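A.B. asks: Okay, so the sequence shown: first residue is 2 according to this note's numbering, each after it adds one. Sharing a structure here in structure tokens format.
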Amino acid sequence: MTLLNIIIATLLGGAVSVIAAAALSLTVLTRVVHRLVSLSAGLLLGTAVLHLLPESIESGADLHALSATLLAGLLGFFLLEKISVLRHSHHYEGDGHSHEHGHDRHEAGPQGMLILVGDGIHNFTDGVMIAAAFIADVRLGWLTTAAIAAHEIPQEIGDFIVLLNAGYSRARALFYNVLSGLSAVLGGVLGYYLLGDAERAIPYVLMVSAASFIYVALADLVPDMHRQTRSRRSDSWTQLLLMLLGVVTIALITAPLHDH
Numbered sequence: 002m003t004l005l006n007i008i009i010a011t012l013l014g015g016a017v018s019v020i021a022a023a024a025l026s027l028t029v030l031t032r033v034v035h036r037l038v039s040l041s042a043g044l045l046l047g048t049a050v051l052h053l054l055p056e057s058i059e060s061g062a063d064l065h066a067l068s069a070t071l072l073a074g075l076l077g078f079f080l081l082e083k084i085s086v087l088r089h090s091h092h093y094e095g096d097g098h099s100h101e102h103g104h105d106r107h108e109a110g111p112q113g114m115l116i117l118v119g120d121g122i123h124n125f126t127d128g129v130m131i132a133a134a135f136i137a138d139v140r141l142g143w144l145t146t147a148a149i150a151a152h153e154i155p156q157e158i159g160d161f162i163v164l165l166n167a168g169y170s171r172a173r174a175l176f177y178n179v180l181s182g183l184s185a186v187l188g189g190v191l192g193y194y195l196l197g198d199a200e201r202a203i204p205y206v207l208m209v210s211a212a213s214f215i216y217v218a219l220a221d222l223v224p225d226m227h228r229q230t231r232s233r234r235s236d237s238w239t240q241l242l243l244m245l246l247g248v249v250t251i252a253l254i255t256a257p258l259h260d261h
């Protein structure tokens, strides 16, 4: 049953989020993506700080080792982003950011496949994290999946639009993004079989998950939110309220989990 949950969750967090992103990008893209970035920042921070970190610490693992894992995770994600293995995109032509005309076409032209490869690696890692969460607790698994999906949708919207601006057809861009999203399923299945026999590693994988969520929220989403408000200061309050909504949502969901 745990494996089935992992497969369903990684499909939702991977391929289904890509399809949802494609649908949004062709309909109400501009309004929704800005709101999702703020909301997902709150969801990611709330999940990391209110549940993943406590779950790791309460496991009884060595606190110093867990702290070192968190620090290594943050530094590791910084390094991956520096070498362009980890890449997040929330911009697109006409989004109000101060890009020169044709910025996205230029970015995606030579790097379009790199974006997809980077997303594939990132989605694979998400799958392993989802598997670790389900092995620890089924409710934690679904909570982690929801937080990942909330972040993946605005990210995939950016990637989808970048590829369209680069000359990819809608069908081709969707196909490659779905293929990249399916790597989450592979990561989930491998994570289930590898972590199932190494339960002592689960608290450390959860700590890496927390590092991922914190890094993405603070190094990627928050700067993007600041860029959005440079021309419209009134949006800052809306962003803050949406972040708080994400945090409060996680707090309400996780409150009964700590009773287990």
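We put the beta carbon where it would ideally sit given N, CA and C, even for glycine. Here the structure is a predicted model, which means the values were calculated and not measured.
Going by CA-CA distance only, name the one from 76, 58 and 185 that's closest to residue 18.
C.D. replies: Numbered from its first residue, the sequence shown carries residue 18 at position 17. Nearest of 76, 58 and 185 to residue 18, Cα basis: 185.
A.B. asks: Mind pulling the alpha helix (DSSP H) runs of 4 or more residues that sit fully within the segment 181-256?
C.D. replies: Within the segment 181-256, the runs of alpha helix (DSSP H) at least 4 residues long that lie entirely inside it are, in chain order, 184-196, 203-216, 223-230 and 236-255.
A.B. asks: Measuring only the C-alpha atoms, how far is residue 157 from residue 134?
C.D. replies: If you number the sequence shown from 1, residue 157 lands on position 156. If you number the sequence shown from 1, residue 134 lands on position 133. Going by the C-alpha atoms only, they are around 23 Å apart.
A.B. asks: Note down, in chain order, each residue of its chain lying with its Cβ closer than 6 Å to the Cβ of residue 96, except the 5 sequence neighbours on either side.
C.D. replies: On the sequence shown, residue 96 is found 95 positions in, with the first residue counted as 1. With a pLDDT of 47 at residue 96, under the threshold of 50, the predicted position of this residue should be treated as unreliable, and no value is reported.
A.B. asks: Please classify residue 3 as buried or exposed, where buried requires at least 16 other C-beta atoms within 10 Å of its C-beta.
C.D. replies: As a position in the sequence shown, residue 3 is number 2, starting the count at 1. Looking at its Cβ environment, which holds fewer than 16 other Cβ atoms inside 10 Å, residue 3 is exposed.
A.B. asks: Put residue 157 into one of helix, strand or coil per three-state DSSP.
C.D. replies: Sequence index remark: in the sequence shown, residue 157 carries index 156 (1-based). When secondary structure is reduced to three states using DSSP, residue 157 falls in the helix class.
A.B. asks: Indicate whether residue 212 and residue 13 have their beta-carbon atoms separated by less than 8 Å.
C.D. replies: For the purposes of this step, residue 212 is identified with residue 211 of the sequence shown, where counting begins at 1. For the purposes of this step, residue 13 is identified with residue 12 of the sequence shown, where counting begins at 1. Taking 8 Å as the Cβ cut-off, residue 212 and residue 13 do not qualify as a contacting pair.
A.B. asks: Leaving aside the five residues before and after residue 64 along the sequence, list all residues of the same chain whose C-beta is less than 8 Å from its C-beta, in chain order.
C.D. replies: Here residue 64 refers to the residue found at position 63 of the sequence shown. Closer than 8 Å at Cβ, skipping near neighbours: 58.
A.B. asks: Which same chain residues, not among the five before or five after residue 75, have their C-beta less than 6 Å away from its C-beta?
C.D. replies: On the sequence shown, residue 75 is found 74 positions in, with the first residue counted as 1. Answer for residue 75: 212 and 216, listed in chain order.
A.B. asks: Cβ of residue 47 within 8 Å of Cβ of residue 206?
C.D. replies: Taking the sequence shown and counting its residues from 1, one reaches residue 47 at position 46. Taking the sequence shown and counting its residues from 1, one reaches residue 206 at position 205. Contact flag unset, no.
A.B. asks: Check the C-beta distance from residue 21 over to residue 154 and give it rounded, since I have them as a contact under 8 Å.
C.D. replies: The residue labelled residue 21 in the question sits at position 20 within the sequence shown. The residue labelled residue 154 in the question sits at position 153 within the sequence shown. Correct: roughly 6 Å between the Cβ atoms.
A.B. asks: For residue 251, would you say it is in contact with chain D, using Cβ-to-Cβ distances shorter than 8 Å as the test?
C.D. replies: The chain labelled as chain D is not found in the depicted structure, where only one protein chain is given.
A.B. asks: Going straight from the alpha carbon of residue 193 to that of residue 220, what length do you get?
C.D. replies: Residue mapping note: residue 193 aligns to position 192 of the sequence shown, counting from 1. Residue mapping note: residue 220 aligns to position 219 of the sequence shown, counting from 1. Annotation: residue 193 to residue 220 spans about 29 Å, alpha carbon to alpha carbon.
A.B. asks: Which residues bound the alpha helix (DSSP H) around residue 9?
C.D. replies: Walking along the sequence shown from the start, residue 9 turns up at place 8. Note, residue 9: alpha helix (DSSP H), 3-12.
A.B. asks: State the start and end residues of the unbroken alpha helix (DSSP H) segment that holds residue 56.
C.D. replies: Working through the sequence shown from its first residue, we reach residue 56 at position 55. Residues 54-58.
A.B. asks: Kindly list the residues whose CB is nearer than 6 Å to the CB of residue 1, restricted to its own chain and excluding five residues on each side of it in sequence; keep chain order.
C.D. replies: Nothing can be reported for residue 1, as the shown portion of the chain is limited to 2 through 261.
A.B. asks: Would the beta-carbon of residue 56 fall within 8 Å of that of residue 195?
C.D. replies: As a position in the sequence shown, residue 56 is number 55, starting the count at 1. As a position in the sequence shown, residue 195 is number 194, starting the count at 1. In this structure, residue 195 does not lie closer than 8 Å to residue 56 by Cβ.
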